[in-house]
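Residue numbers (my numbering): 13 to 580.
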């Protein structure tokens, strides 16, 4: 006996360690799976925690049910409700257990599996029986009885009749109990001798309780006869059951080992997918760098072409000067030769020569001016395009980090001249990682673009909105005090909370947290950004979806600025 107890303890320890290993594996898998696969993992965790921590099992079951409803997965929604109900039964909270079992029954009726429906009905009736609500227990046993009568399952009909009789007996309604025991007996005499033994015993106890000892003795003799007959059968069945249980346990362990190997392969596959995604992102980054390098080369080419055009322009100017000198020499020679010619003829020829010279010079000058203007215009357009690309976030179309820093430094210089304060609003999307995990990165890009448009449309014309990094946004409010910045941040926060965002027929509710700082005294721009960022972090710790502003301890060195300027 001592050795058997040690063996059982050893087996229990192994099972416990195996369960912990399975839970660890499932929780690691939960971090990387999404959508329908995530529902399966949550249901598995709920089942594994059932006997270890029923409360934790309930938490995972509720998460699985919520996600199953979202993806219209009725089968896994039914399984989640069963897990939750089983946990409440272990906690002896029969009311909650019955509530979730009835939700499970509703789903099994939609699925249309008769065996599943009967299983749910029997579980509900059993829970009501444990909570001593015999009326509800009888109601559900009657439902099971009707289904078994329709399907002509005579053994299950007898079982339902027997359980209804037991509920009436527990409720103290002995006459009713007698009716159902006798009905059950009629079915059992044709089908199952073991159930007959139980019915004879129940009827004997019933007649004893109402004082009819002769009938009680008659049914007790029948009970004793069948009891001796099936005792030997039960012993042989018990041995057979133990053997089958052992074989089933071995098969179950093999299946579990195969499942574990499959989970390991799935994790390895997920890692390979993540590595591939990383390589694709690196390739995209390299491609973008190459594009920028190509643009730089084009710029250099245009600069070279401009230099060549300038060189050609200089050569033409040198030729014009040389031509002018040659003309002057020829004019002097003509003047010497014309000394003997009459004064009127000399004046006429000199005038014609001068007109011809000025016409040629004017044509050459016009050509050079036209060529130079066209070249400068193309170069200016290319430079403006490159400048715009360098200062814009490609996804949202907002100012990028570099452009925002330049704008803040410009406002800092204005402050040193006119003493007018400006405000920084640092904001972050709440639970953005969960949105990406549940719905994919395309949905995340859609959210970023939508928020960028909404924030920009709410701000004034002179306010500047930029993407600071990831899901963080930064707004620069010129000529604004801390109260005006807080008011705008809270307005944007409420607008976002009230706006429904729909992506691929999935409704997504968003919130944002804001941190507000003011530049109203000389300081580093980085310090002002840090103050806004710390206020944002404080808002996250306080529960998210809020606006936190940092009120300076020292008295501001400037006057308040009105925030009532016209908004776009």
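Where is the CB? At the ideal position from N, CA and C, for every residue including glycine.
The structure displayed is predicted, hence computed values, not measured ones.
Through-space distance from residue j to residue i, alpha-carbon basis
{"i": "residue 195", "j": "residue 138", "result": "21 angstroms"}
{"i": "residue 304", "j": "residue 419", "result": "23 angstroms"}
{"i": "residue 89", "j": "residue 67", "result": "18 angstroms"}
{"i": "residue 486", "j": "residue 467", "result": "10 angstroms"}
{"i": "residue 403", "j": "residue 417", "result": "10 angstroms"}
{"i": "residue 471", "j": "residue 499", "result": "11 angstroms"}
{"i": "residue 407", "j": "residue 434", "result": "27 angstroms"}
{"i": "residue 51", "j": "residue 399", "result": "48 angstroms"}
{"i": "residue 562", "j": "residue 464", "result": "24 angstroms"}
{"i": "residue 97", "j": "residue 493", "result": "56 angstroms"}
{"i": "residue 525", "j": "residue 461", "result": "18 angstroms"}
{"i": "residue 504", "j": "residue 405", "result": "21 angstroms"}
{"i": "residue 456", "j": "residue 444", "result": "8 angstroms"}
{"i": "residue 339", "j": "residue 332", "result": "10 angstroms"}
{"i": "residue 410", "j": "residue 76", "result": "38 angstroms"}
{"i": "residue 54", "j": "residue 85", "result": "13 angstroms"}
{"i": "residue 232", "j": "residue 220", "result": "10 angstroms"}
{"i": "residue 342", "j": "residue 375", "result": "21 angstroms"}
{"i": "residue 274", "j": "residue 508", "result": "43 angstroms"}
{"i": "residue 520", "j": "residue 277", "result": "33 angstroms"}
{"i": "residue 560", "j": "residue 547", "result": "6 angstroms"}
{"i": "residue 549", "j": "residue 529", "result": "13 angstroms"}
{"i": "residue 135", "j": "residue 226", "result": "37 angstroms"}
{"i": "residue 263", "j": "residue 122", "result": "33 angstroms"}
{"i": "residue 287", "j": "residue 280", "result": "11 angstroms"}
{"i": "residue 314", "j": "residue 293", "result": "32 angstroms"}
{"i": "residue 452", "j": "residue 149", "result": "46 angstroms"}
{"i": "residue 327", "j": "residue 316", "result": "17 angstroms"}
{"i": "residue 431", "j": "residue 532", "result": "8 angstroms"}
Beta carbon of residue i nearer than 8 angstroms to that of residue j
{"i": "residue 527", "j": "residue 438", "result": "yes"}
{"i": "residue 415", "j": "residue 478", "result": "yes"}
{"i": "residue 44", "j": "residue 60", "result": "no"}
{"i": "residue 93", "j": "residue 112", "result": "yes"}
{"i": "residue 490", "j": "residue 423", "result": "yes"}
{"i": "residue 449", "j": "residue 556", "result": "no"}
{"i": "residue 540", "j": "residue 436", "result": "yes"}
{"i": "residue 101", "j": "residue 126", "result": "no"}
{"i": "residue 107", "j": "residue 143", "result": "yes"}
{"i": "residue 95", "j": "residue 62", "result": "yes"}
{"i": "residue 99", "j": "residue 69", "result": "yes"}
{"i": "residue 483", "j": "residue 440", "result": "yes"}
{"i": "residue 104", "j": "residue 146", "result": "no"}
Cβ-Cβ separation, residue j to residue i (assumed contact under 8 angstroms), whole Å
{"i": "residue 160", "j": "residue 151", "result": "Residue 160 to residue 151, Cβ: 16 angstroms. No contact."}
{"i": "residue 153", "j": "residue 172", "result": "5 angstroms"}
{"i": "residue 58", "j": "residue 38", "result": "Contact doesn't hold; Cβ gap of about 10 angstroms is too wide."}
{"i": "residue 155", "j": "residue 176", "result": "About 11 angstroms separates the two Cβ atoms, so there is no contact after all."}
{"i": "residue 141", "j": "residue 191", "result": "Actually they do not touch by this definition, with Cβ atoms about 19 angstroms apart."}
{"i": "residue 421", "j": "residue 537", "result": "6 angstroms"}
{"i": "residue 116", "j": "residue 83", "result": "With a Cβ gap of about 18 angstroms, residue 116 and residue 83 do not count as contacting."}
In DSSP terms, what residue i is bridged to
{"i": "residue 476", "result": "488"}
{"i": "residue 561", "result": "528"}
{"i": "residue 481", "result": "484"}
Alpha helix (DSSP H) runs wholly inside the stretch 25 to 108, at least 4 long, in chain order: 47 to 60, 66 to 82, 86 to 102
Length at least 3, wholly inside the stretch 396 to 453: the beta strand (DSSP E) runs in chain order: 434 to 441
Ranges of the beta strand (DSSP E) found wholly within the stretch 139 to 183, counting only runs of at least 3: None, since the stretch 139 to 183 contains no complete beta strand (DSSP E) of that length.
Every unbroken beta strand (DSSP E) inside the stretch 491 to 559 [3 residues or more]: Correct list: 513 to 515, 518 to 520, 524 to 531.
Beta strand (DSSP E) runs wholly inside the stretch 284 to 313, at least 3 long, in chain order: none
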